[in-house]
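Taking it in order: structure first as structure tokens, then the write-up.
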Amino acid sequence: MQRTTSFGSVIVERITGNPAASVVMVGSLVLAVVIGVFGGAAQLVNAVVTGGMWALLAVGLALIFGVANVPYFAHGESFMIGAYVAFFVFDPIKTYLQDNSNPLLFALGPFAAVLAAGVVGFALGVGLERLLFYPLRQRTKAGEWVMNAFLLTLGISFVIINGTTLVLGPNFQGIPYYWAVDPLELESLEVRVTVDRLVSFGIAIITIVALWFFLRRTRIGRAIRAVAQDEVGAQLVGINLNFVYVLTFGLATATAAIAGASLLSIFQAYPTVGLIPLYTAWYVVILAGLGNVAGAIAGGFIVALLQTATQQWVGIGWANVVPIAAMVLVLLIVPSGIFGSEVKGVQEQ
Amino acid sequence: MLQLKNLDASYGFLQVLWDISLHVDEGEFVGLIGPNGAGKSTTLKSIIGLLTPKDGEILFEGQSIGPLPAYQVTRMGISYISEALNLFTDMSVRDNLLLGAYSIKDKQTQLETLDFVFGLFPRLKEREGQLAGTMSGGERKMLAIARGMMAKPRLMLVDEPSLGLAPHLVTDVFNSLRKLQKAGVTILMVEQRVNATLEVADRAYVLENGRVALQGTSDELTAHEHVRSAYIGV
Chain A
740 MQRTTSFGSV IVERITGNPA ASVVMVGSLV LAVVIGVFGG AAQLVNAVVT
790 GGMWALLAVG LALIFGVANV PYFAHGESFM IGAYVAFFVF DPIKTYLQDN
840 SNPLLFALGP FAAVLAAGVV GFALGVGLER LLFYPLRQRT KAGEWVMNAF
890 LLTLGISFVI INGTTLVLGP NFQGIPYYWA VDPLELESLE VRVTVDRLVS
940 FGIAIITIVA LWFFLRRTRI GRAIRAVAQD EVGAQLVGIN LNFVYVLTFG
990 LATATAAIAG ASLLSIFQAY PTVGLIPLYT AWYVVILAGL GNVAGAIAGG
1040 FIVALLQTAT QQWVGIGWAN VVPIAAMVLV LLIVPSGIFG SEVKGVQEQ
Chain B
51 MLQLKNLDAS YGFLQVLWDI SLHVDEGEFV GLIGPNGAGK STTLKSIIGL
101 LTPKDGEILF EGQSIGPLPA YQVTRMGISY ISEALNLFTD MSVRDNLLLG
151 AYSIKDKQTQ LETLDFVFGL FPRLKEREGQ LAGTMSGGER KMLAIARGMM
201 AKPRLMLVDE PSLGLAPHLV TDVFNSLRKL QKAGVTILMV EQRVNATLEV
251 ADRAYVLENG RVALQGTSDE LTAHEHVRSA YIGV
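Just so you know, the protein sequences line up as chains A and B, in that order. Number 1088 marks the last residue of the first sequence (this note's numbering); no jumps. Number 284 marks the last residue of the second sequence (this note's numbering); no jumps.
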């Protein structure tokens, strides 16, 4: 039986070849319907919008792990830096707009902030890879990489969080909204969504789609996937591994920064704002399967649905209990994740 | 075309090759034979740059490639078909082949080479969309060789292609390599099957314990007393 690799068939492949995944996908859809019907459309919208954010963060994490074999625990810091960059770019714009009318700036100013965050995020990833991970790779003996890299990311996280606290202070810095307009309402379904949340969701989706397109259809995207599957094979076809590592890191940190920037008006910017996104992204990646990029996207939405359902019917403080419990179950029953993992080096030890 | 001069190679502290000197001229099909653990694969890995030589020189068309990393050596016109094949198992045959041509930037040339390679391996064309990981052993070997061809190499290093294959498939693979030689590719092949190798290669080197024990044309070696008793079992 021939198995092909067009976009749609990859998804179908994953589902039909994997009963656990099909059950989870169907279950999630059922859960979404239940939330929508019994919790109200507003809750469902909430879940979907949050899901987009988790999906975006998880994709970056899955990429770094799948390609560079780094369990990246400083991902939240890219989110945080993105938020701060957006703040420092947008705050002066906001002040200007209070006294001057400029429709173009009003509409596009926030996008400039998000774009700036993406650029800085990319530079951060490139810098971290070249200055820290590359030398570590030269020094590390076979079998020790995963642990070494993990410890390094913990150190990076520690330094960045405390450095930021030192330089910018621990206080929340933020904006009440990007666009000073009324939320969008759909009265018949009792749904109210602020423009900020809607746009952040749109940005998340567009970024994910762009990344997907890049990985599937471009020469360099294919090279990145090749390195994730077989490093030696990639070298043998002439791919420069270091270039791929740097690019992958840059893309992952850029996407996290974009997420942080687009959510500035909701999360605000403060040194530890990245921690919750970090942990949630890791739940998603472990649930879905380490290194599995497509799985990370689906997983983001699944975790968001679980969180929303838990908040709605169990209690707000319990929001993370269910995803963590699910993660523990997955680790016990299907350790490679619901959608299957695509990792290379972890089994070394 | 390819020259190894007094090559020493080690894995960490374990030295595996001592003073290896050999050469491959353009258009030749040269075999590297010997028992398990003799250092044959290590020799190929040193040439392609997956291993850095401890001492000695490796020259390709006059240029020293010893210290170069694998991706650069590949881009210079050498393809290495590893024992493990290192195929991209979750990608289709077509994607694997296109990646083989990664170092060729021009899309048109890539597609032309793809057509050429499909012409040499029609079975692969039939399975163009199939995932590499789902193919049989023989087909995957063909794919690995075909992927190596996609970079338009002048020299191809093949590591134990007969491993794990049924005898009639081995003939297929060796015949494919002959076809490639006729298409202008120089071949250096590491093999354990001495008989079959000496039938298809022009010359061969016998490696034992990390050193070159014997060398000569296939005819000379087939007639050689030591080769006959140790490897052919006569």
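Don't be surprised by glycine CBs; every beta carbon is placed ideally from N, CA and C. These figures come from a predicted structure and were not determined experimentally.
| query | Per DSSP, D252 of chain B forms a beta bridge with which residues? | reply | DSSP lists no partner for D252 of chain B.
| task | Would you please verify whether the beta carbon of V1053 of chain A is less than 8 Å from any beta carbon of chain B? | result | Output row for V1053 of chain A: interface = no.
| query | Run through DSSP, which three-state label would E1087 of chain A get? | reply | Because E1087 of chain A sits at a pLDDT of 29, beneath the cut-off of 50, its placement in the model cannot be relied upon, and the point is left open.
| request: Determine, using beta carbons only, whether L783 of chain A comes closer than 8 Å to chain B. | output: With its beta carbon at least 8 Å from every one in chain B, L783 of chain A lies outside the interface.
| message | Rounded to whole angstroms, what is the Cα-Cα separation between M740 of chain A and V824 of chain A? | response | The pLDDT assigned to M740 of chain A is 40, lower than 50, so where the model puts this residue is not dependable; a value taken from the coordinates is nonetheless given after this. Their Cα atoms are separated by approximately 51 Å.
| beta strand (DSSP E) segment containing H73 of chain B, residue limits | Its beta strand (DSSP E) spans residues L64 to V74.
| field | Segment contact, 8 Å Cβ cut-off, at least three pairs: the stretch 969-978 of chain A with the stretch 114-125 of chain B | value | Contact annotation: the stretch 969-978 of chain A touches the stretch 114-125 of chain B, with at least three C-beta pairs closer than 8 Å.
| query | Along chain B, which residues have their Cβ under 7 Å away from the Cβ of I978 of chain A? | reply | Listed along the chain, the chain B residues whose CB falls inside 7 Å of the CB of I978 of chain A are Y121 and Y152.
| task | Can you give me the Cβ contacts of N259 of chain B inside the same chain, cut-off strictly under 7 Å, excluding the 5 residues immediately before and after it? | result | In the same chain as N259 of chain B, and ignoring 5 residues on each side of it, the C-beta atoms closer than 7 Å to its own belong to A88, in chain order.
| Can you tell me whether DSSP reads I914 of chain A as helix, strand or coil? | Looking at I914 of chain A - three-state DSSP - the assignment turns out to be coil, as it is neither helix nor strand.
| task | Within 10 angstroms of the Cβ of H814 of chain A, are there 16 or more other Cβ atoms? Answer buried if so, exposed if not. | result | With 16 or more other Cβ atoms within 10 Å, it is buried.
| query | Does the pairing of the stretch 796-807 of chain A with the stretch 1021-1040 of chain A give three or more beta-carbon distances under 8 Å? | reply | As far as the Cβ criterion goes, the stretch 796-807 of chain A touches the stretch 1021-1040 of chain A, which means the pair count is three or higher.
| message | Please classify G776 of chain A as buried or exposed, where buried requires at least 16 neighbouring CB atoms within 10 angstroms. | response | One point to set straight first is that residue 776 of chain A is Val, not Gly, in the sequence displayed. By the 10 Å Cβ count, V776 of chain A comes out exposed.
| request: Check distances from the C-beta atoms of the stretch 947-964 of chain A to those of chain B and list, in chain order, the residues that come in under 8 Å. | output: Within the stretch 947-964 of chain A, the residues whose Cβ lies closer than 8 Å to some Cβ of chain B are R958, R961, A962 and R964, listed in chain order.
| First and last residue of the alpha helix (DSSP H) that includes L230 of chain B? | Where L230 of chain B is concerned, the enclosing alpha helix (DSSP H) stretches over P217 to K232.
| What's the call for F63 of chain B, buried or exposed, on a 16-neighbour Cβ count within 10 Å? | Counting Cβ neighbours within 10 Å, F63 of chain B comes out exposed, since fewer than 16 surround it.
| field | Cutoff 7 Å; reference G127 of chain B; Cβ partners in own chain excluding five residues on either side | value | If we look at G127 of chain B and ignore the five residues flanking it on each side, its Cβ neighbours are P203, R204 and L205.
| said: Counting only Cβ pairs nearer than 8 Å, list the residues of chain A close to L130 of chain B. | reply: The residue you asked about is not Leu; residue 130 of chain B is Tyr in the sequence shown. Within 8 Å Cβ-Cβ: L975.
| said: Between V1024 of chain A and chain B, is the shortest Cβ-Cβ distance under 8 Å, so that the two count as touching? | reply: V1024 of chain A is outside the set of residues whose beta carbon lies under 8 Å from a beta carbon in chain B.
| task | Pick out whichever of B:A182, B:L207, B:L54 and B:Y61 has its Cα sitting closest to the Cα of A881 of chain A. | result | Measuring from the Cα of A881 of chain A, the nearest candidate turns out to be B:Y61.
| message | Restricting to runs no shorter than 4 residues, where is the alpha helix (DSSP H) found entirely within the stretch 830-915 of chain A? | response | Taken in chain order, the complete alpha helix (DSSP H) segments of 4 residues or longer contained in the stretch 830-915 of chain A are 842-867, 873-878 and 884-907.
| query | So which of B:V244, B:F110, B:E78 and B:S129 has the shortest CA-CA distance to Q974 of chain A? | reply | The alpha carbon of Q974 of chain A has as its nearest neighbour, out of B:V244, B:F110, B:E78 and B:S129, the alpha carbon of B:S129.
| said: Taking the alpha helix (DSSP H) that N1059 of chain A belongs to, which residues open and close that run? | reply: Element bounds for N1059 of chain A: n/a, residue is neither H nor E.
| said: Rounding to the nearest angstrom, what Cα-Cα distance links D69 of chain B and F138 of chain B in this structure? | reply: When only Cα atoms are considered, D69 of chain B and F138 of chain B end up about 35 Å apart.
| said: Please give me, in chain order, every unbroken run of the beta strand (DSSP E) with length at least 3 that falls completely inside the stretch 930-966 of chain A. | reply: Taken in chain order, the complete beta strand (DSSP E) segments of 3 or more residues contained in the stretch 930-966 of chain A are 930-932.
| query | Are G81 of chain B and A251 of chain B touching if we call contact CB-CB under 8 Å? | reply | The Cβ-Cβ distance between G81 of chain B and A251 of chain B falls below 8 Å.
| Hey, is A201 of chain B's beta-carbon within less than 8 Å of any beta-carbon in chain A? | True, the Cβ-Cβ gap to chain A drops below 8 Å.
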